[in-house]
Structures are given as C-alpha cells and as structure tokens.
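Chains as they are written, first to last, in our numbering: chain U, 2 to 355; chain Z, 41 to 219. Glycine is no exception: its CB is placed at the ideal position from the N, C-alpha and C atoms. Have a look at the structure below, then the notes.
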Amino acid sequence: MAKVLMKGNEAIALAAIKAGCRYYFGYPITPQTELLEYMASELPKVGGVFVQAESEVAAINMVYGAAAAGGRVMTTTSSPGYALMQEGISYIAAAETPCVIVNISRGGPGLGNIQPAQSDYFQNTRGGGSGDYRLLIFAPASLQETVDLVQESFTLAQKYRMVVLISADGMLGQMMEPVDIKEVDSPEDEEKQWALTATEGKRPPRAIYSLYLDPVELEKANERLQANYEKVSKLEERYELLQMDDAQLVIVTYGSVSRIVKSAISLLAGEGIKVGLIRPISLWPFPKKAFEQIPDSAKGLLTVELSRGQMVDDVRIAAKGALPVHFYGRCGGMIPSPREIADEVKRILRGDKS
Amino acid sequence: MKTEKIICAGFGGQGILSMGQLLAYAGMDEGKHVTWLPSYGPEMRGGTANCHVILSQEPIDSPIISQATTVVVMNLPSLRKFEPYLESGGLLLINSTLVKEESGRVDVRTLRVPATQCAIDLGRDEVANMVMLGALLALTDVVEPDSVIRSFDKAFEHTTPELSELDVQAMKLGESLIK
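Here it is in structure tokens:
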C-alpha cells in the first residue's frame, strides 16, 4: 500500500483490520470515537463483527469471550473508559487470552477533559485490576510507528497469550500524517490448543477461567504467568536513543510529548548545548537496557511527561541512583512548547534547580 | 524549501480544516513530510476552528506550531488569537471581508484578501477558503497549485465535477488578487 494521509484513530482501525482483526467491541468516548466509527463502517465489509456495547464494562467482557474463542479481537477506549475495563482486563490476563487494547488517553483525573495527556501511565503500567498481572505496552510517537505496532501487537498477543496495550493520546489520535499500512499476509494463527472452539465430538471440551479455589493451583497459575512475563521482559524491551554522544543531560520521554522534546533538543543543539534522548517505546517492559547507554558526560536525567510525574518512578528505578533524576511535566491537556523545555534544561545545567 | 509552519483559523464551517488538509495532501503528493493537527474539543457550530499544518523536507518533530511562518485568519477572533504565533517577517493573510480591524503586528508581512466577498461573487460563500488558498499559493512556494487540485478527491469526500471546477475558479481568483 502506498503512503496515505490518515487521521491517527482511523489509521489504527485500518491497520488492525489489515492485521486480521475481525472482532471489535467498544463504546464511544472522545478522543478515540473516530476509531470506533471506522470499525463500524469497515469491519462488516471484510466479514468482521462490530458491536457497540452498552458500556466499557460490557465491551471488555465481549473481548474476553471472543478472545477465549480464539478470535483476533480488539477494543479501544480513552482514560475513564479504560478505568471501567480494569476488572475485565485482569480476568483476561488471568485466563491468558490474547487481545489488543488501545487507550487514547485524555486529561484526568475523573472525567477531566479530552485534550492530550499522559496521566494514564500508572493506570496503563500498574493496572487497576486485581492480582499479579502485566500487559505488554507500547507507546508510539508517530502515526507510522503506531500502525506498525498495532499490527505487530496482534502477533505478539497470540505469541505470548497476553493483553497488548497501545498507549497514545488525543494528539496522535486526532492528527494526520502519511502512513504506509501493510497487508499482513495470512494472519491466520496456528491452531490454538486452548481456544473454546467446537469439539465436534472429537475431543474433550476445554475450559477458560480465572477462579482457582485451591491455593496450590492458584500459585502454580501465577508462576506460569510470571515465567511468561519474565520471557517477555527479556525479549520485548524497546527504545529509541538520540544524540547520546557527549550529552550533558539526557531527557527520558515518550509518546506524543517526545516529539516536542526532539524539537527542544534541536533548539538546544543550535545553542551549543548537547542533550541526549531515551525514548521508551515499550512502557512494560520498561527499557532498562537503554540506561546502560548513558554517557559519562551526562550530569543528570530529565524526565518529561504530560503528567505530574508517573514514568519518572520507572526512570528512577532504571537509573539506580547513579544520576540525579529531574522532572518536568504539564498536565490537564496543557502542552509545553519546545522553548519551555529547552529553558528547563538550561536551568538544570546552570544548577538553578535540584 | 524551508520548513513551512502554517496555522489556518476561522469559524467552524468556513472550511478551515479542509484548507489545511489540502495543503497536507498536496505536500505529501510532492514527497514532503507533512503533519496536520486540528483543534478539537467540545466545539459548536459557529465556534472557532483551527489547524496546524507543517510541510518539510525533513522528518517533523513537534506537530504543534509555536512559531508560525504563515497565519491565515478568516475571522476576527482568529486574528487576535493567532497573530502572536507568527514569527517576525512571517506572512499574515486576513479575510478582509469579515475582518475590518488591523493586525497589531508591524514586523510581519500582512495581506488583506476579500476572500468571502470573492466567494459570494462566485456564487457560494463556502469557497472563501479556496480564494484564500489561491492567494497563499501565489505568495509562497509551499506547494504547487496543481498538487492541491489533484488532492480535491482525497480532502473532499462528496465533491462533484461542478464543485471542483468552482474550487479551481476560486483558487485562481485568489491568485489573481496577488499577481
């Protein structure tokens, strides 16, 4: 497919369909409603199933059902809707059923507003459902990266039998950029030995559940989950590094705001100030390996987020106390300009701010 | 070509977002890197709309414009809101049919284009955006007018040959006001 100019929300929907997604359940919420609209219009044309559920709680449980039956299934929502899905996500994680979720987050807490924000980092990476579970989470920064990750997410969800979450915000959902969306050849998966398909009288029925009344059995189930998470955390750390050589300071930032940080880094380079960049692409597993690349020249780290400081906790863990970790963030839908970020870097380098 | 950072702003219904989309489609058609970012929010009919369009030979970092090379305003609230975004020496296009007031900026190049009146003269006030676009393309080398015309089908979902012809006429009228 040649490059086309598409709105982020619609590009995600098309990428999912081209990756073989045939089941979609969701509930409208700004700023991701175009995604749902696109699915409603296009999914039936390829023989897929679109259901506008009565609520996000219903939508995520429909996802659970379709995933248990072995379908390539997706739901999408925005922050308060994602909060409503937490219980279902915990059940899906416990049942090791694969699905893809997209959270086009907005300003919070509460109903907040519909402007771009990254204050769902905790909700995304720590989760709100019960138990020891993890999601594989990607946070793209451009629409091309978004569609590529959405398509790969379907493969990874099946491979690891995990929920894969795409974390983005209204800026990526609403903007248009040229994208090249690949046709994924024969997205049919291997026969799933666990899926609740018809027995046709040839095999015993299967069961998918998250209830283990026997503590011995539940601990075993947890150990199986954790072994899988350990494998994922070894294999799926992803990040981008930029201009790390001789950097005086390294900024750690992700998603939409990382693009503004890159503009700030260019501004600073023009003034002779060398600033490097670590951009986590996977939020879980958090890319700890990237922090081994920090040059000796760096006097500190600066985390920039569209929140009042959430990913900065993971940055502190990854930095292991080796360097001071500063924070700069805006929230509520406010977005810093490249100049504001550049000024913050200069304040830190002057020692005005600890 | 230098990187063009264009803010288009006006009333909802004036074709502000379409004007920006045409620039973005045309830029992509010419092999440039482009981004288009609309204002979105709890808007109402008759409220304000704006979009940020960037065209560049290089990959684009921030899609949000903090210093514009060009600002196109179709109504007064947009002039007041967006004239401060213009870089010194930048281009300010004002729809003079609806905006009688002057810009407060003396360090920029200001052009007053009677876009809405021209569109009314053509028989449809909806094509004021195309008059403005024609003027913009005559003043700058952002994209070629032909690339814009080739993008009509993509930017306008329900266009007809008659409407496309009117759009071309409106663009040419805008261009003729400059030359």
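I'd like the span of the alpha helix (DSSP H) that includes residue i, first residue to last.
i       : result
I189(Z) : P185 to R190
A265(U) : G256 to G271
R340(U) : P339 to R351
G122(Z) : Note that residue 122(Z) is Phe in the sequence shown, not Gly. Here the alpha helix (DSSP H) through F122(Z) covers L116 to F122.
M7(U)   : First-last for M7(U): V5 to K8, but that is the beta strand (DSSP E), not the alpha helix (DSSP H).
P201(Z) : P201 to I218
R317(U) : M312 to A320
A178(Z) : A168 to L179
List, in order along the chain, the chain U residues whose C-beta lies closer than 8 Å to that of residue i?
i      : result
P9(Z)  : For residue 9(Z) there is no data in the structure shown, the boundaries of chain Z being 41 and 219.
M59(Z) : Within 8 Å Cβ-Cβ: nothing; M59(Z) doesn't reach chain U, min ~13 Å.
A64(Z) : L6 and M177
Hey, out of the options, whose CA is closest to residue i's CA?
i       : options                               : result
Y240(U) : G277(U), N104(U), P288(U) and P205(U) : P288(U)
V47(U)  : I30(U), E55(U), G273(U) and Y25(U)    : Y25(U)
S172(Z) : T199(Z), E98(Z) and S58(Z)            : Residue 172(Z) is actually Met in this sequence, not Ser. The shortest C-alpha separation from M172(Z) is found at S58(Z).
C22(U)  : V74(U), K221(U) and I209(U)           : V74(U)
Q175(U) : T147(U), P110(U) and G271(U)          : T147(U)
P206(U) : A196(U), L212(U) and Y213(U)          : A196(U)
A169(U) : A248(U), D247(U), Q124(U) and F139(U) : F139(U)
T110(Z) : I100(Z), E123(Z) and G214(Z)          : E123(Z)
V253(U) : P281(U), G66(U) and K321(U)           : P281(U)
I167(U) : C332(U), G132(U) and L136(U)          : L136(U)
A308(U) : G108(U), Q33(U), I18(U) and K4(U)     : Reading off the sequence shown, one finds Ser at residue 308(U), where the question assumed Ala. When only C-alpha atoms are compared, the closest one is G108(U).
Q152(U) : F123(U), I102(U) and T126(U)          : I102(U)
L176(Z) : S118(Z), K212(Z) and D69(Z)           : K212(Z)
E35(U)  : G9(U), D314(U) and E345(U)            : G9(U)
G174(Z) : N135(Z), D147(Z), E142(Z) and R149(Z) : N135(Z)
E166(Z) : A210(Z), V112(Z), I47(Z) and G87(Z)   : A210(Z)
A155(Z) : Y125(Z), E98(Z) and N115(Z)           : N115(Z)
A320(U) : V346(U), E345(U) and A291(U)          : A291(U)
E184(Z) : A66(Z), C48(Z) and Q54(Z)             : A66(Z)
A20(U)  : G72(U), S106(U), A299(U) and P179(U)  : G72(U)
T88(Z)  : E202(Z), I47(Z) and T199(Z)           : I47(Z)
Residue range of the beta strand (DSSP E) that residue i falls in?
i       : result
R152(Z) : R149 to V153
S168(U) : V164 to D170
N135(Z) : L126 to N135
M177(U) : M177 to V180
G50(Z)  : E44 to F51
Y80(Z)  : Neither: Y80(Z) is in no beta strand (DSSP E) and is coded neither H nor E.
A299(U) : Looking at the DSSP string, A299(U) is not in any beta strand (DSSP E), and its letter there is neither H nor E.
I94(Z)  : T88 to S96
L284(U) : S283 to W285
What residues from chain U crowd round residue i, counting only those whose CB sits closer than 9 Å?
i       : result
V74(Z)  : L6, M177, E178 and P179
M211(Z) : The premise fails here: M211(Z) is roughly 20 Å from chain U at the closest Cβ pair, so nothing lies under 9 Å.
Leaving out the 5 sequence neighbours to the left and right, which residues in its chain are closer than 7 Å to residue i when beta-carbon positions are compared?
i       : result
P103(Z) : T75, L77, H92 and I94
M63(U)  : F26, V52 and A54
E127(Z) : Q107, A108 and T109
A222(U) : Y213
I349(U) : L250, G301, L303 and H327
V208(Z) : I189
For residue i, which residues in the same chain have their Cβ closer than 6 Å to its Cβ, ignoring the five residues on either side in sequence?
i       : result
G27(U)  : L37, A60, T76 and T77
L62(Z)  : V188, S191 and A195
E306(U) : Q119, M312 and G330
R3(Z)   : In the structure displayed, chain Z extends from 41 to 219; residue 3(Z) sits before or after that span and is not available.
L268(U) : P339 and A343
C158(Z) : V171 and L213
Under 7 Å between beta-carbons, which chain Z residues line up against residue i? List them in chain order, please.
i       : result
S338(U) : S106
Are there any heavy atoms of the ligand ZN lying less than 6 Å away from the beta-carbon of residue i, as far as the coordinates show?
i       : result
V276(U) : The model depicted lacks the ligand ZN and carries no ligand whatsoever.
Less than 8 Å between C-beta atoms, sequence neighbours within five positions excluded: which residues of the same chain meet that for residue i?
i       : result
R164(Z) : L206
P216(U) : none
What residues of chain Z sit near residue i, judged by a beta carbon separation below 8 Å?
i       : result
P32(U)  : Y80
K263(U) : D101 and S102
So residue i contacts chain Z; which residues on that side make the cut at Cβ distance below 9 Å?
i       : result
S80(U)  : In chain order: nothing, as chain Z lies at least about 16 Å away.
S267(U) : D101
Please list, in chain order, the chain U residues whose beta carbon lies closer than 7 Å to that of residue i.
i       : result
M68(Z)  : K4, L6 and P179
Y125(Z) : Under the 7 Å cutoff, chain U gives no residues; its nearest Cβ is about 11 Å from Y125(Z).
L95(Z)  : Residues of chain U passing the Cβ test: none, with the nearest at roughly 11 Å.
L173(Z) : Neighbours of L173(Z) on chain U: none; closest Cβ ~17 Å, over 7 Å.
Any alpha helix (DSSP H) of 4 or more consecutive residues that is wholly inside the segment 13-89 of chain U: 34-43, 57-69 and 80-85
Ordered list of beta strand (DSSP E) runs contained in the segment 91-174 of chain U, each at least 3 residues: 100-106, 137-139 and 164-170
Segments assigned alpha helix (DSSP H), at least 4 residues, entirely inside the segment 187-247 of chain U: 216-236
Residues within the segment 94-119 of chain U neighbouring chain A, beta-carbon criterion of under 9 Å: The question asks about chain A, but that chain is absent: this structure's protein chains are U and Z.
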